[in-house]
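S.K.:
Numbering (the numbering used here), first residue to last: 56 to 630.
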């Protein structure tokens with residue numbers, strides 16, 4: 056209905072406009088539509104601004120543009136320079152020339168990737184190969200970063216230290232990135248961290264902490280990541296705590312509502328203390344019941360004296376053998392040796408564990424429930440007309456408290472506390488229905504929570520409605536009032552002219568009547584006779600004032616009259 060009224064008002068407004076106003080409004084609408092179409096098709100229009108030409112290269116430097124133009128002039132191909140860094144050639148040769156110029160290594164400032172190794176060079180040193188590898192890696196990373204939406208241009212510089220045999224003196228590689236962010240766009244913290252992780256993952260032993268990023272203005276990016284990360288962490292912890300508490304509160308209300316008599320007769324508040332500290336644990340567990348893997352046993356035994364060998368320093372004594380018949384030879388030698396080695400299969404279990412995001416340290420819950428309402432009985436045994444509040448019994452309160460404990464997972468070892476109280480919320484009507492205890496804004500926020508993503512569209516509609524009410528309608532009314540005022544002024548001017556004419560005619564009639572009365576003329580007078588008398592009176596006055604001239608005039612008239620008669624008589628005689 057409102058839309059139909061709007062259309063009718065617009066139609067009325069258009070009908071009340073003058074021809075000039077209609078032309079201005081139509082031209083304004085056409086200009087607005089044309090401007091929107093121009094913004095939409097600006098890129099294509101800019102690229103094809105010259106009929107029959109297509110863009111060969113764009114956003115090139117002055118040096119690359121000079122090389123491209125030199126090559127086109129050498130090939131005798133017509134070209135157009137649309138703007139700084141954009142060169143266009145005829146559409147039928149654009150692809151061929153693009154390939155031919157790219158084969159010459161133009162533009163020179165383009166990123167070089169791993170295609171640098173497509174051409175094999177004999178005699179290249181290991182140092183040259185390393186430099187080419189770094190150039191190729193920088194080019195590939197720059198291309199990858201430039202593929203991101205907010206990035207217009209990127210430059211990557213990598214510093215890889217020389218390897219050394221001493222581990223303590225080995226330096227870590229570093230990387231520097233210069234980003235040219237598109238106009239009107241900004242990089243978020245997640246995007247900056249993503250670029251750092253991308254570069255660090257592409258280079259061995261490079262950590263995100265050793266990656267530096269600056270924008271086109273030389274401002275460092277990502278230095279505030281620690282503070283922002285801490286802020287985001289605190290926000291997530293607060294949000295987690297609030298959602299956890301609200302979840303328990305809704306559970307308590309849903310469990311007790313059917314028993315108490317509705318969600319408006321119970322209210323719950325849960326407070327939870329969380330421990331957000333996280334720890335990593337590494338534990339190694341060995342199996343005591345190991346299985347033998349190998350066993351080795353060595354046993355040696357010797358009895359009797361071993362024969363004495365002749366030996367020693369060359370000389371007389373060493374050449375003398377053992378003497379026979381001595382008592383020492385009768386003593387024997389006894390030697391024993393025993394050794395046993397068993398190798399067991401040792402089983403080890405390594406456990407890496409990490410604490411959860413949050414641990415509940417302590418939980419407290421406060422629940423307030425309403426009582427029951429019944430019609431009382433007076434001393435005569437008659438039913439009263441008003442409802443009376445009846446509190447819950449101790450058994451009911453204990454049962455409700457047990458239900459709440461089971462709902463929230465009550466743990467006395469943590470020091471949890473649960474309190475259930477019984478109060479009269481509000482008086483209810485004669486129909487026995489409870490008055491809602493929650494205000495309107497609370498219910499409004501609960502029911503409209505799923506519709507929050509649509510609020511932006513509703514906001515746009517409200518702004519358009521306000522624009523229509525505050526601007527369009529007053530403007531149209533003002534134009535209509537202006538037109539009506541002009542019409543009323545014209546009518547007033549016409550009526551004023553008519554009144555003025557009527558007044559003039561009336562005054563003329565009154566003056567004429569006055570003259571007639573002064574002259575003594577009645578209604579049956581002869582106007583021609585009056586004119587004759589007036590003319591005769593004027594002639595008399597002239598004759599008295601200018602007698603000589605008047606006499607000469609009469610003589611001339613008489614003379615002319617006589618001459619005329621003479622001529623007329625002569626003509627008759629001849630006839």
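C-beta atoms are modelled at their ideal positions from N, C-alpha and C, and glycine is treated no differently. Note that this is a predicted model, so its numbers are computed, not measured.
Check this for me: beta carbons of residue 328 and residue 416, under 8 Å apart or not?
M.R.: Walking along the chain shown from the start, residue 328 turns up at place 273. Walking along the chain shown from the start, residue 416 turns up at place 361. Yes.
S.K.: Check whether the Cβ atoms of residue 337 and residue 407 sit closer than 8 Å, and answer yes or no.
M.R.: Position 282 of the chain shown holds residue 337. Position 352 of the chain shown holds residue 407. Contact: yes.
S.K.: For residue 102, does the three-state DSSP call read helix, strand or coil?
M.R.: Counting from one through the chain shown, the residue named residue 102 turns up at place 47. Confidence at residue 102 is low in this model, with a pLDDT of 46, below 50, so its placement is unreliable and the value that follows should be read with caution. DSSP places residue 102 in helix when its eight states are reduced to three.
S.K.: What does DSSP give as the partner residue(s) for residue 417 in the beta ladder?
M.R.: For the purposes of this step, residue 417 is taken as residue 362 along the chain shown, with counting starting at 1. Looking at the DSSP assignment, residue 417 forms a beta bridge with 328.
S.K.: With 16 as the cutoff for other CB atoms within 10 Å, does residue 474 come out buried or exposed?
M.R.: On the chain shown, residue 474 is found 419 positions in, with the first residue counted as 1. Label assigned to residue 474: exposed.
S.K.: On the three-state DSSP scale, how would you describe residue 248?
M.R.: As a first step, residue 248 is located in the chain shown; it is residue number 193 there, counting from the start. Helix.
S.K.: Mind checking whether residue 156 and residue 123 have CB atoms under 8 Å apart?
M.R.: For the purposes of this step, residue 156 is taken as the residue at position 101 of the chain shown. For the purposes of this step, residue 123 is taken as the residue at position 68 of the chain shown. Taking 8 Å as the Cβ cut-off, residue 156 and residue 123 qualify as a contacting pair.
S.K.: In this structure, how does DSSP classify residue 159 when only helix, strand and coil are distinguished?
M.R.: For the purposes of this step, residue 159 is taken as the residue at position 104 of the chain shown. Here residue 159 sits in coil by DSSP.
S.K.: Out of 168, 218, 453, state which residue places its alpha-carbon closest to the alpha-carbon of residue 198.
M.R.: Locating residue 198 in the chain shown gives position 143, where the first residue counts as 1. Ranked by how close their Cα comes to the Cα of residue 198, the residues 168, 218, 453 have 168 in first place.
S.K.: If we count the other Cβ atoms within 10 Å of its Cβ and call it buried at 16 or more, is residue 172 buried or exposed?
M.R.: Start at 1 with the first residue of the chain shown, and residue 172 comes out as number 117. Classification of residue 172: exposed, given that the 10 Å Cβ count is below 16.
S.K.: Give me the Cα-Cα distance between residue 335 and residue 287, rounded to the nearest whole angstrom.
M.R.: To locate residue 335, count along the chain shown from 1; it is residue 280. To locate residue 287, count along the chain shown from 1; it is residue 232. Straight-line Cα distance between these residues: approximately 22 Å.
S.K.: Which same chain residues, not among the five before or five after residue 333, have their C-beta less than 6 Å away from its C-beta?
M.R.: What you label residue 333 is simply residue 278 of the chain shown in a count that begins at 1. Setting aside the 5 residues that flank it on each side, residue 333 is surrounded in the same chain by 410, each with a C-beta closer than 6 Å to its C-beta; the list follows chain order.
S.K.: Hey, would you say residue 215 sits closer than 8 Å to residue 234, going by beta carbons?
M.R.: Start at 1 with the first residue of the chain shown, and residue 215 comes out as number 160. Start at 1 with the first residue of the chain shown, and residue 234 comes out as number 179. Going by C-beta atoms, residue 215 is not nearer than 8 Å to residue 234.
S.K.: Three or more C-beta pairs under 8 Å: does that hold for the segment 453 to 464 against the segment 308 to 318?
M.R.: yes
S.K.: According to DSSP, is residue 215 helix, strand or coil?
M.R.: Residue 215 sits at position 160 when you count from the first residue of the chain shown. In this structure, DSSP gives residue 215 a state outside helix and strand, which the three-state scheme calls coil.
S.K.: What runs of the beta strand (DSSP E), each 3 residues or longer, lie entirely inside the segment 126 to 153?
M.R.: Complete beta strand (DSSP E) runs here, min 3: 135 to 138, 141 to 145.
S.K.: Which stretch, first to last residue, makes up the beta strand (DSSP E) that contains residue 431?
M.R.: Within the chain shown, the letter at position 376 stands for residue 431. First-last of the beta strand (DSSP E) with residue 431: 427 to 432.
S.K.: If you run the structure through DSSP and keep just helix, strand and coil, what is residue 233?
M.R.: In the chain shown, residue 233 corresponds to position 178, counting from 1. Strand.
S.K.: Can you check which of these residues, 152, 71, 90, 76, is closest to residue 111 by C-alpha distance?
M.R.: Taking the chain shown and counting its residues from 1, the one referred to as residue 111 is at position 56. Closest option to residue 111, Cα to Cα, is 152.
S.K.: Could you tell me which residues DSSP puts in a beta bridge with residue 407?
M.R.: Working through the chain shown from its first residue, we reach residue 407 at position 352. Paired residues: 337.
S.K.: Excluding the 5 residues flanking residue 518 on each side, which residues of the same chain have their C-beta closer than 8 Å to its C-beta?
M.R.: The sequence position of residue 518 within the chain shown is 463, counting from 1. Nothing listed; no residue qualifies.
S.K.: Does the structure place the segment 339 to 358 close enough to the segment 387 to 396 that three or more beta carbon pairs sit under 8 Å?
M.R.: yes
S.K.: Taking the CB atoms as reference points, tell me whether residue 444 and residue 479 lie closer together than 8 Å.
M.R.: Mapped onto the chain shown, residue 444 falls at position 389. Mapped onto the chain shown, residue 479 falls at position 424. Cβ atoms of residue 444 and residue 479: closer than 8 Å.
S.K.: Just verifying my parser: in three-state terms, what is the DSSP assignment at residue 450?
M.R.: As a working note, residue 450 is residue 395 in the chain shown. Of the three classes helix, strand and coil, the one that applies to residue 450 here is helix, per DSSP.
S.K.: For residue 209, write down the residues that DSSP places opposite it in a beta bridge.
M.R.: In the chain shown, the residue the question calls residue 209 occupies position 154. Per DSSP, 234.
S.K.: What separation, rounded to the nearest whole angstrom, lies between the Cα atoms of residue 70 and residue 87?
M.R.: Against the chain shown, residue 70 aligns to sequence position 15. Against the chain shown, residue 87 aligns to sequence position 32. Rounded to the nearest angstrom, the two C-alpha atoms are 22 Å apart.
S.K.: For residue 357, write down the residues that DSSP places opposite it in a beta bridge.
M.R.: Locating residue 357 in the chain shown gives position 302, where the first residue counts as 1. DSSP lists 390 as partners of residue 357.
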